[in-house]
Amino acid sequence: MKTVLSLFVALFAFVGVGLAQSGAITFAQEAHDFGKIEHLKPVTHVFTFKNTGTEPVVITDAAASCGCTKPSWSKDPIAPGQTGQISATFTAPGMGPFNKTVTVTSNAKTSTVYLTLKGEVVSKEAVEAAQAGSANGKKKGTK
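Residue 8 is where the sequence shown starts when you use our numbering, and the numbers rise one by one after that.
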């Protein structure tokens, strides 16, 4: 009986130490709004994160919610205190508003994080008009 109790205490201590030491990732931002973007013109945003834990973090996957979004990420382990990046490139297949997700999987304490890209896909002419209006210091709908 003493042996069983000793094994239980040792197992509990081992699990407690294992949980206390882990990697943790903290993103500077988990969502990005592109605003109005041109149809079929790729746009990219880089999400930066920091390992705020005590062990190295390895990003094992970054999966997009659709084929129009292509993520890439730091493949090397990110040491405690260091930063890494996940880049997401979106190519708009159609017009209108969009909201896309990149699911990031790692060995961190919170093993799954969802990054979001959103905006509105418009024609090239609409993007040029918006840029011309902001260059002239005018707001839409003002004289």
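For glycine and all other residues, C-beta sits at the position ideal for the given N, C-alpha and C.
Item to check | Cβ pair count under 8 angstroms reaching 3, the stretch 111-121 against the stretch 131-141 | outcome: no
Checklist entry - Is H52 closer than 7 angstroms to A115 when the C-beta atoms are compared? => result no
Checklist entry - Which same chain residues, not among the five before or five after V128, have their C-beta less than 7 angstroms away from its C-beta? => result I44, H46, A99, G101, M102, G103, F105
Item to check | Q138 - containing beta strand (DSSP E), residue span | outcome: No beta strand (DSSP E) holds Q138; the alpha helix (DSSP H) holding it covers 131-142.
Checklist entry - Does the count of Cβ pairs from the stretch 33-42 and the stretch 66-76 closer than 8 angstroms reach three? => result no
Checklist entry - Just to confirm, are A31 and G60 a CB contact at a threshold of 7 angstroms? => result yes
Next on the checklist: According to DSSP, simplified to helix, strand and coil, what is G74?
Outcome noted: coil
Item to check | For E62, the three-state DSSP class (helix, strand or coil) | outcome: coil
Item to check | Residue of S81, L122, E135, Q36 minimising C-alpha distance to P63 | outcome: S81
Checklist entry - Between N58, P49, K48, Q36, which lies nearest to T117 when the distance is taken from Cα to Cα? => result N58
Checklist entry - Where T55 and K125 are concerned, what is the direct C-alpha to C-alpha distance, given to the nearest angstrom? => result 17 angstroms
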